[in-house]
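Residue numbers (our numbering): 248 to 985.
As structure tokens, the structure follows; a few thoughts come after it.
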């Protein structure tokens with residue numbers, strides 16, 4: 248080939264060459280185009296290419312080339328240079344600025360490091376610049392605005408590009424600006440919304456702040472706007488409805504609030520609308536699901552309320568199913584994690600192109616619409632965490648999650664005919680009956696979750712086809728399964744997690760479980776299993792958790808593997824199990840649940856006795872304290888204090904009203920009078936101190952015309968003699984209010 252001196256184009260793309268780029272290509276002086284895309288090349292880019300003086304187009308993308316770009320290439324009259332998706336490394340060379348005629352420079356998905364060379368501003372006719380998925384640092388150089396013909400800049404996933412988005416970029420006639428997955432911060436420059444040529448703007452996964460301005464409606468030819476996973480706040484402006492060409496609108500993962508503007512329904516070209524993971528509220532506008540081109544609708548993780556619009560997208564109703572191979576989000580209908588209520592509309596069954604129907608964690612009620620069985624392209628159905636009731640319809644997709652509802656009845660046998668079913672989660676419902684044994688014939692099934700139901704029957708029938716079953720996770724716990732653990736469990740070579748706890752299983756643990764080399768988690772606690780623990784089970788090298796507690800196992804614990812690791816094994820509640828854990832002082836003893844109950848009962852009795860003793864001691868202490876402060880033993884100091892307080896209120900009324908004692912006027916002071924005060928003041932109810940004797944009209948004459956000192960002197964007269972005799976009368980007098 249090196250003798251083909253007149254060769255101008257060499258295209259060996261999409262061939263498994265599996266060698267390095269031949270150096271003799273540098274001898275092809277007339278070669279203008281070199282295309283080696285997808286050729287499984289390795290090695291470095293040879294410097295000899297610089298000798299091919301007419302080489303203008305070099306396309307080396309999607310290979311395994313390594314090394315750096317040599318300076319010998321700088322002399323080439325390059326117009327197109329592409330090395331995307333290789334292993335090239337080193338700094339981006341400054342001599343790239345010598346390619347003044349280059350119009351496409353595509354260096355993404357390599358390992359280039361350092362800063363973006365400002366010399367790229369010398370490439371005056373460059374239109375497409377792609378530096379994404381490298382290890383570049385620093386800022387976007389201002390010199391780049393000198394490349395006045397630049398139409399497309401792709402810097403996504405460079406990670407280390409920091410700072411704010413430069414305003415000078417929007418002085419260029421940009422049509423595409425992709426800044427995804429960097430560290431840009433600050434607000435989006437307002438000049439962006441005045442860029443009349445802009446068709447695509449993407450800055451997802453950065454730290455951008457601020458809100459979307461009303462000027463967003465000015466970019467009339469904008470087709471793609473992706474600002475997901477930033478820190479945008481505020482509401483979605485209704486002016487968005489002016490963007491008739493907008494096909495992709497993604498604001499997922501921000502802090503937007505308010506209602507979804509119904510004007511979004513005017514974006515007639517919209518194919519993907521993703522407003523998930525925000526703080527939006529209100530209802531879903533009917534106009535959204537009437538968009539004729541809509542393929543992907545994601546409104547999950549918001550605070551949306553109301554019902555699901557019954558008018559489904561006319562695109563979803565198409566009978567012609569397009570090729571899904573290269574379309575990532577086609578047919579996604581995700582309204583999960585909101586506050587939607589009412590029932591699932593039957594009209595959803597007409598959306599034949601829906602691939603993923605996600606309505607989990609809402610407040611949907613009623614039964615599961617049987618119209619969903621018509622969704623022949625459905626791969627994922629998630630209705631978990633709702634208030635759905637009734638029975639389960641047949642044939643509901645290849646990944647069915649109905650966990651956490653109130654579904655009852657039996658599990659449809661038709662699930663066994665779903666040959667592409669990968670996950671089935673029916674846990675936390677009220678399902679009854681047996682688990683269809685035909686399920687083991689679903690070779691694609693990798694996860695089966697039916698825990699916390701009322702299922703019964705023998706589990707052995709489920710493993711009839713265990714030799715070919717590739718299931719990895721199985722949770723049958725909290726049910727009423729009985730019978731023995733079948734030896735055929737040992738044939739589930741892909742099994743990593745098996746949970747059968749809290750059932751009614753009997754018999755021995757089959758030693759065949761020791762064949763499960765991938766097993767990491769095994770729980771059969773709270774059953775009626777008996778016999779010995781198989782040593783092969785404890786020897787499984789990947790087993791990280793083993794719970795055999797609350798059974799009827801017996802004999803010594805195996806002295807190998809996980810059974811000697813206290814932090815990862817549970818034996819408690821097996822009354823005849825014994826043995827010592829090697830290397831520790833811990834000994835497995837017969838601790839049954841009844842022994843544990845008795846221990847708790849004895850502990851409760853002891854605590855009760857202690858509490859009663861403390862209460863008795865407290866009451867006794869209070870009784871002794873009151874005896875020590877008996878009114879008959881009050882000293883003169885306390886008595887004088889009480890008398891002074893009462894006389895103050897009495898004397899203060901003397902000059903203000905007639906000589907009659909209205910107790911209601913002295914309610915607070917009189918409430919502070921004690922029995923001793925009254926006895927002393929009346930000289931033990933001496934007749935000389937009374938006026939109006941007889942009956943209940945007897946009152947106490949406190950000689951209000953006397954001075955305070957004279958009254959106090961009278962009240963200090965001795966009180967021996969008649970205290971006990973007249974105590975009842977004193978008590979009655981102390982409650983008289985008139």
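Idealized CB from N, CA, C, for every residue including glycine.
Asked	Found
Suppose the cutoff is 6 Å on Cβ atoms and the five residues either side in sequence are ignored; what does the same chain contact list for residue 499 look like?	475, 521, 523, 524
What separation, rounded to the nearest whole angstrom, lies between the Cα atoms of residue 754 and residue 766?	21 Å
Please check the pair residue 529 and residue 513, which I expect to be a contact at CB under 8 Å, by giving their CB distance rounded to whole angstroms.	Actually they do not touch by this definition, with Cβ atoms about 18 Å apart.
Return helix, strand or coil for residue 863, following the three-state DSSP convention.	helix
So which of 298, 795, 257 has the shortest CA-CA distance to residue 819?	795
Suppose contacts are defined by Cβ-Cβ distances below 8 Å. Is residue 527 in contact with residue 497 by that definition?	no
Pull up the CB-CB distance for residue 429 and residue 402, whole angstroms please, since I reckon it's below 8 Å.	7 Å
Could you please give the first and the last residue of the uninterrupted alpha helix (DSSP H) stretch that includes residue 996?	What is shown of the chain runs 248 to 985, which leaves residue 996 out entirely.
Can you check the segment 740-808 for any alpha helix (DSSP H) of at least 4 residues that lies completely inside it and give the ranges in chain order?	782-785
Taking the beta strand (DSSP E) that residue 338 belongs to, which residues open and close that run?	334-338
If you reduce the DSSP assignment to three classes, tell me which class residue 456 lands in.	strand
Looking at C-beta atoms only, is the number of pairs between the segment 293-300 and the segment 332-349 that lie closer than 8 Å three or more?	no
Which residues does DSSP list as the beta-bridge partners of residue 291?	313
Span of the beta strand (DSSP E) holding residue 612?	612-614
Below 8 Å CB to CB, which residues in the same chain sit around residue 650 once its five sequence neighbours on both sides are set aside?	631, 632, 672, 673, 674, 675, 676, 696
Please say whether residue 376 and residue 399 have beta carbons closer to each other than 8 Å?	yes
Less than 8 Å between the CB atoms is what I'm expecting for residue 705 and residue 730, so what's the real figure, rounded?	3 Å
Among the residues of its own chain, which have a CB less than 8 Å from the CB of residue 656, if the five just before and after it don't count?	637, 638, 639, 678, 679, 680
Per DSSP, residue 823 forms a beta bridge with which residues?	801
Work out the CA separation of residue 424 and residue 394 for me, nearest whole Å.	14 Å
Leaving out five residues before and five after residue 411 in sequence, what residues of the same chain have Cβ atoms less than 7 Å from its Cβ?	431, 432, 433
As a quick exercise: from 479, 494, 771, 517, pick the residue whose alpha carbon is nearest that of residue 504.	479
From residue 519 to residue 320, what distance separates their C-alpha atoms?	43 Å
Which whole-angstrom value is the C-beta distance of residue 648 and residue 613, which I expect to be below 8 Å?	About 18 Å separates the two Cβ atoms, so there is no contact after all.
Excluding the 5 residues preceding and the 5 following residue 772 in the sequence, name in chain order all residues of the same chain whose CB lies nearer than 6 Å to its CB.	748, 794, 796, 797
For residue 367, which option in 351, 420, 606 has the closest C-alpha, if you only look at C-alpha atoms?	351
What are the boundary residues of the beta strand (DSSP E) that residue 680 is part of?	677-681
Might you give, ordered along the chain, the residues of its own chain that have their beta carbon closer than 8 Å to the beta carbon of residue 540, omitting 5 neighbours on each side?	494, 515, 516, 517, 518, 562
Taking buried to mean at least 16 other C-beta atoms within 10 Å of its own C-beta, is residue 788 buried or exposed?	exposed
Ends of the beta strand (DSSP E) at residue 485?	That residue, residue 485, is in no beta strand (DSSP E); it is neither H nor E in DSSP.
From 783, 338, 374, 355, pick the residue whose C-alpha is nearest to that of residue 362; which is it?	338
Can you pull the DSSP bridge partners for residue 550?	528
Here's the rule I'm using: 16 or more other beta-carbon atoms within 10 Å means buried, otherwise exposed. How should residue 356 be labelled?	buried
As a quick exercise: from 333, 318, 289, pick the residue whose alpha carbon is nearest that of residue 309.	333
Can you have a look at residue 253 and say buried or exposed, based on whether 16 or more other CB atoms are within 10 angstroms of its CB?	exposed
Indicate whether residue 611 and residue 595 have their beta-carbon atoms separated by less than 8 Å.	no
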